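Q: In the UniProt record's numbering, the protein residues as written are 1 to 599. Quick reminder that beta carbons are idealized off the backbone N, C-alpha and C, glycines included. It should be emphasised that the depicted structure is a prediction, and the values quoted were computed from it without experimental measurement.
(1) On the three-state DSSP scale, how would you describe residue 347?
(2) What are the uninterrupted segments assigned as alpha helix (DSSP H) that are 4 or more residues long and contained completely in the region 544-594, given in chain order?
(3) What does DSSP give as the partner residue(s) for residue 312 in the beta ladder?
(4) Are the beta-carbon atoms belonging to residue 150 and residue 201 less than 9 angstroms from one another?
(5) From 91, 210 and 557, pick the residue whose C-alpha is nearest to that of residue 586; which is it?
(6) Who are the near neighbours of residue 431 in its chain, counting only those whose CB is closer than 7 angstroms to its CB and skipping five residues on each side?
(7) According to DSSP, is residue 35 helix, strand or coil?
(8) Below 8 angstroms, is the gap between the Cβ of residue 442 and the nearest heavy atom of the ligand ATP?
(9) Can you look up residue 443 in the DSSP assignment and give me helix, strand or coil?
(10) Please say whether residue 363 and residue 383 have beta carbons closer to each other than 9 angstroms?
(11) Could you say which of 286, 296, 214 and 204 lies nearest to residue 249 if we only look at CA atoms?
(12) Taking DSSP as the reference, what is the three-state secondary structure of residue 436?
(13) Quick check on the DSSP output: the beta strand (DSSP E) that includes residue 321 runs from which residue to which?
(14) Within 10 Å of its beta-carbon, does residue 303 have 16 or more other beta-carbons around it, so buried, or fewer, so exposed?
(15) Going along the chain, which residues of its own chain have a beta-carbon closer than 7 angstroms to the beta-carbon of residue 194, five neighbours each way excluded?
(16) Measure the alpha-carbon distance for residue 235 versus residue 272 and round it to whole angstroms.
(17) How long is the line joining the alpha carbons of residue 484 and residue 298, rounded to whole angstroms?
(18) By the 10 Å Cβ neighbour count, where 16 or more other Cβ atoms means buried, how is residue 318 classified, buried or exposed?
(19) Using CA coordinates, which residue listed in 176, 441 and 112 is at the minimum distance from residue 134?
(20) Taking only three categories from DSSP, how would you classify residue 92?
(21) In this structure, how does DSSP classify residue 83 when only helix, strand and coil are distinguished?
(22) Taking 9 angstroms as the CB-CB cut-off, is residue 381 touching chain D?
(23) Mind checking who residue 167 pairs with in its DSSP beta bridge?
(24) Can you tell me the Cα-Cα spacing of residue 433 and residue 154, whole angstroms?
(25) Can you find the residues in the same chain that come closer than 6 angstroms, C-beta to C-beta, to residue 166, ignoring five residues on each side of it along the sequence?
(26) Measure the beta-carbon distance from residue 239 to residue 199 and round it to whole angstroms, keeping in mind my assumption that it falls under 8 angstroms.
(27) Going by Cα to Cα distance, which pick from 279, 305 and 300 is closest to residue 266?
(28) Cβ atoms of residue 186 and residue 261: under 9 angstroms apart, would you say?
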């Protein structure tokens, strides 16, 4: 293998294959194709790279760049490889022949095939596939079987014989299925709600289709995402409705379920913040997963394989979670209409935060196979300006930058885990940045300090009291009069109180309610909580209270810490000493409380 790290990109006019660190150079021996290039893809094993153009489909060896195979198909719009790269699938737009019958537009080919000279390559199998969504066959990890859905059933084929159906699973109303990776031959199918019956996810073992080995039924499930862990032993079901009947969201309601493939465990994953589920991802170890959920600022929590929360990160504007291929790191980011910040955490170092990357507005974010680099890219057609590729070190430094005109796609070449360097520390030593990264840093403007909210002159220079802070800024969750937390319309800020103190008094005067009267009794809405006054002892004369001076010093420390917390919540980067100072807050509060009791 010429270089362990490699990526490929597709622009408006060309395709490039590029060796990454430390060479940062085009792949030797590869001739960049030009013209109308519709799609490109690496095989999951990393040995092959293929693209489709008006001239047909081409497959190259990723280590040398030489063309290994060509398919004379000028109208291919989708490509796909089997897990080990033995088979390649092509999808063309649906069409009709001279008799008005639909043509077989989904074709499966052997990637590499020894044929006599002059013999034309023939497909292993052909199917009519009208929908572009879920167009490809799904293979087991060992490529022994493959499957596809037709009306009310999942059909299985021997991967070397696609002309006859080997077996079939009959499931009335099935719309989605997912074959498990790993050594297991497990299959999950989804049946949406119909005729008053709840939706269901059922798990079978191929080819034992008599009864499911695990299943879960639920309402509020019009469509789902089925996410297996890498070992194929546990399944996450992210269910979504088309309409939110509570009118809290335009995009429907989302719920999360967890199933064990052997049927020993299934449950709904309990989330402690109201709002949508933005993203969910398995760790490569298959024993934990991460979920981002709730109205913004969203909450990110790590759960174990039994659905029990083990750690929660600081809340913030985040909607993407991706574990590194080695499972040591996790990135939590905010893309789309969010600011593009990427937080990287070290799971092996007690969830320590490694860095925060200001990535701009990328539409692609991927870990390198060795977990040392993070690739971000801004692509068309989502954004037609500032298109380009950036490589970041896991420690937060930019390593490489390349601008493009109308960049459509970019991807790392996969590398099997067994081929990665053993016992290497991704954090050190830090690689030397490419010259393009140094030039990029020279053009980046220093981010301005967040202005923050307007503060009247009398309140300037002092920290915000805790009872005025949002929950993600360190304040307590606001509770309504009926004991339930309030939810604002967009998730930010404090929820509205049902009645203020003045409103409660006016209602009482207007209704003149007397609890002693029989049916005239009415529960009154509790008044707004009063802010506790500062202890008189802390404001008293030092001669009367020997601890007064020390208490004033501690209160000054608390104000300084709260000011640092405000700056941190506003997105400002703090020094290590400042972060340590924030960590001393509980001990300072405890000491102050002890002095107040003595006074």
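A: Taking the geometry as given:
(1) helix
(2) 548-569 and 576-583
(3) BP columns for residue 312 point to 301.
(4) no
(5) Nearest to residue 586 by alpha-carbon distance, out of 91, 210 and 557, is 557.
(6) 21, 22, 393 and 399
(7) Reduced to three states, the DSSP call for residue 35 is coil.
(8) With respect to small molecules bound, the structure shown includes none, and the ligand ATP cannot be examined in it.
(9) helix
(10) yes
(11) Comparing C-alpha distances from residue 249 to each of 286, 296, 214 and 204 shows the shortest one belongs to 296.
(12) helix
(13) 320-323
(14) Counting Cβ neighbours within 10 Å, residue 303 comes out buried, since at least 16 surround it.
(15) So the list reads 173, once near-sequence residues are dropped.
(16) 21 angstroms
(17) Residue placement at residue 484 cannot be trusted, given a pLDDT of 45 that sits under 50; what the coordinates show is reported in the next sentence. Taking the straight line from one Cα to the other gives about 19 angstroms.
(18) With a threshold of 16 other beta carbon atoms within 10 Å, residue 318 meets it and is buried.
(19) 176
(20) strand
(21) coil
(22) In the displayed structure, chain D is absent; only one protein chain is listed.
(23) 156
(24) 50 angstroms
(25) Closer than 6 angstroms at Cβ, skipping near neighbours: 156, 157 and 158.
(26) 7 angstroms
(27) Nearest option by C-alpha distance: 305.
(28) yes
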